[in-house]
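Residues 10 to 259 (my numbering) are what the sequence shown spells out, left to right.
Just so it is clear, CB atoms sit at the ideal spot from N, CA and C, and this is done for glycine as well.
Computed from a prediction, not measured in an experiment: that's the story for all the values here.
Here the structure is laid out as structure tokens; the discussion comes afterwards.
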Amino acid sequence: MTKLTVLGSSSIFPFPRTQSNLFEDYLDIEHYQKNFPLHDDSLCNEAKKGEKNRRTRSCLAIQHNGYLILLDSGPDILYQLRRAKLPKPDAIFITHNHPDANYGVKYLANALLYSESAKTMRAGHPVNLFGIKILPFRVHHARNTPTVGFLVRFPNGKKIIYATDMSSLGGLKKYFQQANMALVDGSILKRSFGGHLAIISQLKTYKKWRIKSVLFTHIGHSTLPYKELRVFVKNKYKNTDVAYDGMTIK
Ligand SMILES: [Zn+2]
Ligand SMILES: [Zn+2]
């Protein structure tokens with residue numbers, strides 16, 4: 010049995026956001042909303058109500074034959090595991106050395122850690138674990154921070170891509186075209202910046218490549234509330250959807 014769960018779906022900061030927008034303010038995900046003044050805009054006001062606009066830092070859980078693998082592990086990881094009623098993971102794969110992706114590693118010391126900074130993984134070299142094959146591939150994201158996406162192959166032959174931080178899709182067609190689903194960078198809607206390729210630019214390419222199923226996660230603040238974002242992306246390319254915390258993927 011294999012089950013995928015989106016444990017978190019925000020970019021570097023969760024939703025709703027604080028006015029100070031300091032990484033430190035968000036370290037205690039259960040208490041910051043009471044202790045810091047929050048944004049008053051449509052996206053954050055929707056997030057205050059909860060449901061699909063309330064987002065924690067991006068993480069994907071893969072449950073397979075009693076094992077648990079996490080792709081990325083940000084500051085919210087213990088809260089996310091508790092909320093999803095999941096145990097501590099057996100293994101963690103890290104896309105890159107930015108705190109929204111790897112801050113939680115220190116809480117999960119017993120898990121097998123696969124990351125480039127720990128030198129336990131190298132782009133282009135697949136890892137076989139619990140019957141699952143995970144290939145890290147190089148993506149462009151930030152200067153001085155080597156970053157990968159993952160092509161994950163399950164025993165039934167199905168494949169997914171997890172690439173939440175990328176400033177370009179150059180050279181990635183060969184990975185994307187293999188995937189039944191691609192979980193990708195939803196940081197920015199229209200104008201690429203800060204190491205992230207805008208959603209509209211990505212969609213043009215995914216449509217051209219005829220990707221079977223695209224799911225935006227790692228959602229940032231310069232986007233739209235969930236329902237509007239969903240309509241927006243589906244209008245550009247119908248095989249597209251927007252992730253939310255707690256979403257399960259068949
Ligand atoms: Zn806001
Ligand atoms: Zn990053």
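Assess contact between the region 198–213 and the region 179–188, defined as three or more Cβ pairs (one per stretch) separated by less than 8 Å. Is contact present?
Result no; under three Cβ-Cβ pairs closer than 8 Å.
Return the CA-CA distance between F225 and Y171, expressed in angstroms with no decimal places.
Our two residues, F225 and Y171, have alpha carbons roughly 10 Å apart in a direct line.
State the Cα-Cα distance for the pair F139 and L198, rounded to the nearest angstrom.
Their backbone Cα atoms lie some 37 Å apart in a straight line.
Does the distance from the CB of L87 to the CB of C68 come in under 8 Å?
Not a contact, by the Cβ cut-off of 8 Å.
Going by C-alpha distance, which of G229, R219, H230, Y235 is nearest K247?
Among G229, R219, H230, Y235, the Cα nearest to that of K247 is on R219.
Look at G204 and H150 and say whether their C-beta atoms are less than 8 Å apart.
The Cβ atoms of G204 and H150 sit closer than 8 Å to each other.
Please list the terminal residues of the continuous alpha helix (DSSP H) segment that includes K43.
In the DSSP assignment, K43 falls within the unbroken alpha helix (DSSP H) covering 41–44.
Cutoff 6 Å; reference E55; Cβ partners in own chain excluding five residues on either side:
Spatial neighbours of E55 in its own chain (CB-CB distance under 6 Å, excluding positions within 5 residues in sequence) are listed in chain order as N62, P234.
Member of H230, D99, V251 whose CA lies at the smallest distance from the CA of F48
According to the sequence provided, residue 48 is His. The question's Phe does not apply to it. Comparing Cα-Cα distances from H48 to each of H230, D99, V251, the minimum goes to H230.
Got a sec: does ligand 1 put a non-hydrogen atom nearer than 7 Å to the Cβ of C68?
For ligand 1, not one heavy atom lies less than 7 Å from the Cβ of C68.
Just to confirm before moving on: does the CB-CB distance between A100 and A120 stay below 8 Å?
Yes.
Could you please go through the chain and list the residues whose beta-carbon is closer than 5 Å to any non-hydrogen atom of ligand 2?
Any residue whose Cβ sits closer than 5 Å to a heavy atom of ligand 2 makes the list: H107, D174.
Alpha helix (DSSP H) runs wholly inside the region 101–145, at least 4 long, in chain order
If we require 4 residues or more, the alpha helix (DSSP H) runs fully inside the region 101–145 come out as 108–111.
Minimum Cβ-Cβ distance from P96 to chain B less than 8 Å
The chain labelled as chain B is not found in the depicted structure, where only one protein chain is given.
Entirely within the region 150–192 and at least 3 residues each: give me those beta strand (DSSP E) ranges in chain order.
List check, beta strand (DSSP E) in window: 154–162, 168–172.
Using only the alpha-carbon positions, how far apart do K12 and V240 sit?
Taking the straight line joining both Cα atoms gives about 26 Å.
Residues near ligand 1, CB to any non-hydrogen atom under 7 Å, in chain order?
Here the list is P25, R26, H48, D50, L52, C53, H230.
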